[in-house]
Every structure is written in structure tokens, then in C-alpha cells.
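Student:
Protein chains: 2
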Amino acid sequence: MKTYLDCIPCFFRQALEQGRLFTKNELIHKEIMNDVATLVPGFSLGLTPPEMARKMHKIFGKRFGEQDLYKTVKDQSNRRAMELYPKLKEKVAQSKDRLLTAIEFAIAGNVIDYAAKNTLDIEEEIQKLLKDNYTAGRKGVFEYEGFKRDLKSAKTVLYLADNAGEIVFDRIFIEEFCEHREVIFAVRDKPAINDALREDAVFCGIDKIAQVISSGVDAPGTILKYCSDEFLKIFRQVDIVISKGQGNFESLSQEKRSIFFLFMVKCPVIAKETGCKMRDVVLSRI
Amino acid sequence: MKTYLDCIPCFFRQALEQGRLFTKNELIHKEIMNDVATLVPGFSLGLTPPEMARKMHKIFGKRFGEQDLYKTVKDQSNRRAMELYPKLKEKVAQSKDRLLTAIEFAIAGNVIDYAAKNTLDIEEEIQKLLKDNYTAGRKGVFEYEGFKRDLKSAKTVLYLADNAGEIVFDRIFIEEFCEHREVIFAVRDKPAINDALREDAVFCGIDKIAQVISSGVDAPGTILKYCSDEFLKIFRQVDIVISKGQGNFESLSQEKRSIFFLFMVKCPVIAKETGCKMRDVVLSRI
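Chains E and C are the protein sequences, given in the same order. The first sequence: position 230 = 230 (my numbering), numbered continuously. Throughout, my numbering is defined as the position within the second sequence, counted from one, plus 1000.
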């Protein structure tokens, strides 16, 4: 999808938030805002939000070098999600429709805020989220039957990861279909906010059920023109692509090949783009 | 108060919102965002948010000339609030503490979104707002006793107006103390968002109970360095100043003279500045 002008205030907000993680010095925060402001005239509405975000993150790279600022946050999210893993597996085992329950967990994993929460709080959050059996209400665009049909005949699946922590929930979903299929799990190449990297996938045991590769991209999305040849070959050849989270949707929604997007609508711009409401659940080829 | 860096994303959001009122042309919206971006390096954190907003609004003046863009919105707000006036007066008459009830209405008037709502909906909104007897809970900083004491001995009161529509609720409040006092009601000099102008005050009958003057300012706040000499003389001499709404608080919070600020906390930056929470009610000299 293209960038909306409404994304501009949001870029400034994100830049400020990240600047505050680097330093407490308000003068430097102000300089970061100045830097972002110089980008605005060059912001092309034809580019996708992750491409714009990538330009913005270059500012931080220039100023602070390549630091993995969210490393601690990501490690914590991974650990907390891994603590939940056995319980979630049990719930999948007890459910009437294992695949659907696993998808619901995958979406829940996309929504949970792991920051400063303990495992019990997260468990409570998941229960609240799933209370209304939320996908069954078909809020948003939820093509479960179509997905099941396509999955049935698929031999190869490419799964585009989103955040650390969340990937534990993706693992639960993948474990429902990986047995007789080749699954490739693609993470970002370099740190981009709290998006999962190879080390996160390995920590969360995904390398045991799927081939973990890097997309080649250092932005919070899968921007094909920056992807590695290895990734692109797989992307073109697999039977199914499952794209997780808003960032991957933003960068891939206009691609020709069929992609199943899986995410919860978390911003008004995406709501407008998809014709959904905030917090709607999407499992759709759009 | 000084401008926080968090205000910068908000300025962009407001500029976009206003640009969309002027034209549907997205290319012009983008140019407006570019214009606002050129202001960022010059944004001084020592200035108040209304001063920064004033600079931003100059961009619109240059591009579109001096239009009163919110005229229709303001007229509608005035009309809807005037329709409610008799009922609200009745409620004040029936209440145990007339002054407190009138203050509660004045705060309610600061919060209501008149846009696209009919009088019945607004009435319902007020009832919801007042249900918990919200000032009695002393959410925020609510110095009612101190205010009553000061008011008792005051002979002259300067009331700094905020938005159109809302001023009907201010009128109800003023009518509780104007009988033996000289009340001066100050509005903006030129259009600034939906802030009240002289014509709004006259439409809402405030000229019958108070002397309506202009502050001399063309920004959504009372920026003393742009105020007229007439206004400043009154501002220095009156016994009590009542400053309504966030915009006036933002521009006057660091002034030496004692001012009673009256507003509901509607943004995280003001919450931080006042040590209050969002939606807290403030009646305080701070």
C-alpha cells in the first residue's frame, strides 16, 4: 500500500519514541525531529510506509551507528512467550478446531504488548482477547475456509515473520501444518524496531520446524526491491505465502502473487486501506 | 508552558486536518505538510504551543488567505448549545450548589464534541459526563473552596473564552456571579480554529451580562506579547482572571499573576505538565 499523509505525524511520533530509547538528551531528540522534517519534502506517497520508515531509520543509523536498540525488549518478549508455550499447546490440543485456535493465537501474539508485563498478565490478556471467539464473528476479512483449502494442497509454505515474542505464537500455528510440508520462516536481515531476527527464531525453536532465512531487508516490512535473491526465489516458487503483521501487509499488499495476510488492524490508515474497522481480524488474500 | 517535542506530531496532524477542510486536493495537503516541516528546525521548545500553532496557521494564511474555515462549525455549535440553555439553567436552579453545578457545566462545555450531533445526543453526553458528580471526586486539581473565597471578595472578573458553543456553558457559569460584579469576557481577535470570536459571544447573549472584548490575539491561546494594550490593562487590574480551556492554559501557565485555570485534561502533554491524568478536571491556580 502507498503511504498516507496521516502516516507523517506517526513517523515523527515513532522517531521521538526511538530517540528517547537512545538518549535522555532533549536537544538530541529535537535534532532527530529536525532530521525527520528534512525527509518530509522527499516523502513520496507512491512509496509504502515501511519504505518511508526505512528512510527514517537511516537517520538513526547515521547518528548512533547500527545498534540493536530493542534487543532487551525482544529478549524479554521471547522469554515471556516461551513461558506460555506449553499452556497454549495444551489449549490447541483441547480445542475442536486445532488450526483455527492456532490461528487465533497467532493473531493474539500480534496484539499483545509484552512490555513490562509478566506471563500471568499476558495470559489474562490472551483470554480477554479470545473470549468472544473473535475470529468466528468474522470481524474484518477472515477467509478461513479458503485458507484451509489452499493449505491442504500446498507442499511449500513461506511464512513472513513480524515481531519477536509473537513468533512463539507463529510457531504454534506453523506446528499445525508443518508435518508434511516444507516451511520457510523469513525474518528481517538487520534490526528494525522489535521485529524478529534469526537469533529470535532460533531462541524460540522455530529452526527445528522450519528453515529460517533472512528476507535481506533492514526495515519493518518485506520490501521486495531490497530482498535477497535467495528470498525472492523462494517467494516466487512456494505454494503459499503467509504474511504476518501490518508491516508486511503495508509492503506487500500490491504484489501480484497470492499472499495470505494475517494481522489485526491496529491503525486508522490500515483500517481505511482494508475497509475494516480498528481491531478487526484479517486472514485474507485482500 | 513550553512546547514539548510530543506536540510536533500533533501539529502535523492538525495541519493535515485543517488542510482537508480547505481542499480535497491531496497534492496541496502534501505541500502543507512540507510547509510545516520547514518550521520544525525553528520550533523553539521555549515557546508555548499556541505560539507554535500561530506560526503554523500563518502557513494557511499565506496559502489560502484569511478565511474563517470553522465558521459553519462554530455557528452550529452555538445554535446547539443555545438550544440546551433553558434546560441547563433549570438544572442549575434545582441544584444544591448552584455555583458548583454551573462550573461543572462549564467544564462539560469544554469537552463536548458538537460536530454532527443533535441537541438530544449532546444532552445525553452531558448527563454521562456529570453522572459521577465528577468534580466532587476531586479528580485532578479542583480548588473549589479557594475559588469561592476569592470570588466572594472580587469586584472585577476577566473571563478568557475558549471555543464557540462552549461559551453558552460559560455564560451559565458567569450568570451565577455577574450580578454585583463587573465581568469582562475576552475572545480571540481573528479566527483561530473553532475559538470564539466577538460575533459568537454576541450570538450567545454574553454581551448582555459582560463586556465583550478582544484579546488582540489571532492564535488559539492568550499569548500576552500579542495582546492589545486594552486587554493587558484589564488583565493586570482585575481581581480575578478565569482562564478557560487548554489553549489559554498553555499560553498563560507561566504568568506571574494569579489565574484560575478551568479545563479538562485532554492531551498527554498537559497531563504531564499538570501532574494530572487524562480527563481529569482542573480548577486551579496551578
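Glycine residues also receive a C-beta, built at the ideal position from the N, C-alpha and C atoms.
Checking contacts by CB at 9 Å: is P1049(C) closer than that to chain E?
Tutor: By 1-based counting over the second sequence, the position of residue 1049(C) is 49. Answer no: the Cβ-Cβ gap between P1049(C) and chain E never drops below 9 Å.
Student: Are the C-beta of L120(E) and some C-beta of chain C separated by less than 9 Å?
Tutor: As a working mapping, residue 120(E) is identified with position 120 in the first sequence. No, because no Cβ of chain C sits closer than 9 Å to the Cβ of L120(E).
Student: Could I get the ranges of all uninterrupted alpha helix (DSSP H) runs contained in the region 1183-1237 of chain C, with 4 residues as the minimum, in chain order?
Tutor: Segments of the alpha helix (DSSP H) lying fully in the region 1183-1237 of chain C: 1198-1203, 1229-1237.
Student: Residues of chain E with a CB under 8 Å from the CB of F1263(C): which are they?
Tutor: Counting from 1 along the second sequence, the entry for residue 1263(C) is found at position 263. Ordered by position in chain E, no residue passes the 8 Å Cβ test against F1263(C), which lies about 23 Å from the chain.
Student: Under 8 Å, with one C-beta from each stretch per pair, do the region 212-222 of chain E and the region 49-58 of chain E reach the 3-pair mark?
Tutor: Segments in contact, yes.
Student: So, is the C-beta of P268(E) closer than 9 Å to a C-beta in chain C?
Tutor: Within the first sequence, residue 268(E) is the residue found at index 268, counting from 1. Taking Cβ atoms only, chain C never reaches closer than 9 Å to P268(E), which makes this a no.
Student: Given this structure, state the Cα-to-Cα distance separating G205(E) from G165(E), to the nearest angstrom.
Tutor: As a first step, residue 205(E) is located in the first sequence; it is residue number 205 there, counting from the start. As a first step, residue 165(E) is located in the first sequence; it is residue number 165 there, counting from the start. Spanning the two alpha carbons is a distance of roughly 12 Å.
Student: How big is the Cα-Cα spacing for K74(E) and N1194(C)?
Tutor: Here residue 74(E) corresponds to residue number 74 of the first sequence, with the count starting at 1. Here residue 1194(C) corresponds to residue number 194 of the second sequence, with the count starting at 1. Rounded to the nearest angstrom, the two C-alpha atoms are 44 Å apart.
Student: Identify the continuous alpha helix (DSSP H) that holds T1156(C) and give its terminal residues.
Tutor: If you number the second sequence from 1, residue 1156(C) lands on position 156. Here T1156(C) belongs to no alpha helix (DSSP H); instead the beta strand (DSSP E) covers 1156-1160.
Student: Please report whether the beta-carbon of M33(E) lies at a distance below 9 Å from any beta-carbon of chain C.
Tutor: What you label residue 33(E) is simply residue 33 of the first sequence in a count that begins at 1. By this cut-off, M33(E) is an interface position.
Student: Taking the alpha carbon of D1239(C) as the reference point, which residue from K1155(C), R1198(C), D1218(C) has its own alpha carbon closest?
Tutor: Here residue 1239(C) refers to the residue found at position 239 of the second sequence. When only C-alpha atoms are compared, the closest one is K1155(C).
Student: Taking only the alpha-carbon atoms, compute the straight-line gap between D1035(C) and G247(E) and give it to the nearest angstrom.
Tutor: For this step, residue 1035(C) is matched to residue 35 along the second sequence. For this step, residue 247(E) is matched to residue 247 along the first sequence. Going by the C-alpha atoms only, they are around 28 Å apart.
Student: How many Å lie between K1112(C) and V1092(C) at the Cα?
Tutor: As a first step, residue 1112(C) is located in the second sequence; it is residue number 112 there, counting from the start. As a first step, residue 1092(C) is located in the second sequence; it is residue number 92 there, counting from the start. Sequence check: residue 1112(C) is Ile here, not Lys. Rounded to whole angstroms, I1112(C) to V1092(C) spans 18 Å at the Cα level.
Student: Could you list the residues in the region 1210-1237 of chain C with a C-beta less than 8 Å from some C-beta on chain E, going in chain order?
Tutor: The region 1210-1237 of chain C vs chain E, Cβ under 8 Å: nothing.
Student: Please check if any C-beta of chain E sits within less than 9 Å of the C-beta of H1029(C).
Tutor: Here the question's residue 1029(C) lines up with position 29 in the second sequence. Yes, H1029(C) lies at the interface with chain E (some Cβ there is under 9 Å from its Cβ).
Student: Compare the C-beta of P1041(C) against all C-beta atoms of chain E and say whether one is closer than 9 Å.
Tutor: If you number the second sequence from 1, residue 1041(C) lands on position 41. So yes, P1041(C) belongs to the interface.
Student: Should F1261(C) and F1249(C) be called a contact, given that it needs their Cβ atoms to be closer than 9 Å?
Tutor: Within the second sequence, the letter at position 261 stands for residue 1261(C). Within the second sequence, the letter at position 249 stands for residue 1249(C). In this structure, F1249(C) lies closer than 9 Å to F1261(C) by Cβ.
Student: Would E104(E) be called buried (16 or more neighbouring beta carbons within 10 Å of its own) or exposed?
Tutor: In the first sequence, residue 104(E) corresponds to position 104, counting from 1. By the 10 Å Cβ count, E104(E) comes out buried.
Student: What's the C-alpha gap between G1275(C) and L1130(C)?
Tutor: What you label residue 1275(C) is simply residue 275 of the second sequence in a count that begins at 1. What you label residue 1130(C) is simply residue 130 of the second sequence in a count that begins at 1. Computed Cα separation, rounded: 23 Å.
Student: For the region 1164-1186 of chain C, which residues have a CB atom closer than 9 Å to at least one CB atom of chain E, in sequence order?
Tutor: The residues in question: there are none.
Student: Quick check on DSSP: helix, strand or coil for N1025(C)?
Tutor: The residue you call residue 1025(C) lines up with position 25 of the second sequence. N1025(C) falls in the coil class under three-state DSSP.
Student: Measure from the C-beta of R1063(C) to each C-beta in chain E and report whether the shortest distance is under 9 Å.
Tutor: Here residue 1063(C) refers to the residue found at position 63 of the second sequence. Closer than 9 Å: no.
Student: For D1266(C), which residues from the same chain have a beta carbon less than 7 Å from its beta carbon, with the 5 sequence-adjacent residues on both sides left out?
Tutor: Walking along the second sequence from the start, residue 1266(C) turns up at place 266. Note that residue 1266(C) is Lys in the sequence shown, not Asp. Taken in chain order, the residues that qualify are Q1246.
Student: Using a 10 Å radius around the Cβ and a threshold of 16 neighbouring Cβ atoms, would you call R1149(C) buried or exposed?
Tutor: Taking the second sequence and counting its residues from 1, one reaches residue 1149(C) at position 149. With fewer than 16 other Cβ atoms within 10 Å, it is exposed.
Student: Report the neighbours of I1126(C) on chain E: residues whose CB is nearer than 9 Å to its CB, in chain order.
Tutor: For the purposes of this step, residue 1126(C) is identified with residue 126 of the second sequence, where counting begins at 1. The premise fails here: I1126(C) is roughly 27 Å from chain E at the closest Cβ pair, so nothing lies under 9 Å.
Student: Rounded to a whole number of angstroms, what is the C-alpha to C-alpha distance between F11(E) and G1042(C)?
Tutor: Along the first sequence, read from residue 1 onward, the residue named residue 11(E) stands at position 11. Along the second sequence, read from residue 1 onward, the residue named residue 1042(C) stands at position 42. Roughly 19 Å between the two C-alpha positions.
Student: Suppose you measure from the CA of F60(E) to the CA of I32(E); what does that come to, to the nearest Å?
Tutor: Within the first sequence, residue 60(E) is the residue found at index 60, counting from 1. Within the first sequence, residue 32(E) is the residue found at index 32, counting from 1. For F60(E) and I32(E), the distance between alpha carbons rounds to 8 Å.
Student: Counting along the chain, where does the alpha helix (DSSP H) carrying K1091(C) start and finish?
Tutor: What you label residue 1091(C) is simply residue 91 of the second sequence in a count that begins at 1. Note, K1091(C): alpha helix (DSSP H), 1071-1094.
Student: May I have the straight-line CA-CA distance separating L16(E) from R1020(C), to the nearest angstrom?
Tutor: Translated into the one-based positions of the first sequence, residue 16(E) becomes position 16. Translated into the one-based positions of the second sequence, residue 1020(C) becomes position 20. Going by the C-alpha atoms only, they are around 26 Å apart.
Student: For the alpha helix (DSSP H) holding L1099(C), just list the boundary residues, first then last.
Tutor: As a working mapping, residue 1099(C) is identified with position 99 in the second sequence. Counting along the chain, the alpha helix (DSSP H) containing L1099(C) begins and ends at 1098-1111.
Student: Quick one: grab the DSSP three-state call for V141(E).
Tutor: Taking the first sequence and counting its residues from 1, the one referred to as residue 141(E) is at position 141. V141(E) falls in the coil class under three-state DSSP.
Student: Specify whether the region 1119-1127 of chain C and the region 1170-1182 of chain C touch according to this definition: at least 3 beta carbon pairs, one from each stretch, less than 8 Å apart.
Tutor: Verdict: no, contact absent.
Student: Compare the Cα-Cα distances from C7(E) to each of E230(E), M56(E), L27(E) and report the closest residue.
Tutor: Position 7 of the first sequence, counted from the first residue, corresponds to residue 7(E). Residue M56(E) is the option with its Cα nearest to C7(E).
Student: Could you tell me which residues DSSP puts in a beta bridge with L1283(C)?
Tutor: As a working mapping, residue 1283(C) is identified with position 283 in the second sequence. DSSP, once it has assigned bridges, lists F1142(C), L1262(C) as partnering L1283(C).
Student: Is DSSP giving S253(E) helix, strand or coil here?
Tutor: Start at 1 with the first residue of the first sequence, and residue 253(E) comes out as number 253. The answer is coil: DSSP assigns S253(E) none of H, G, I, E or B.
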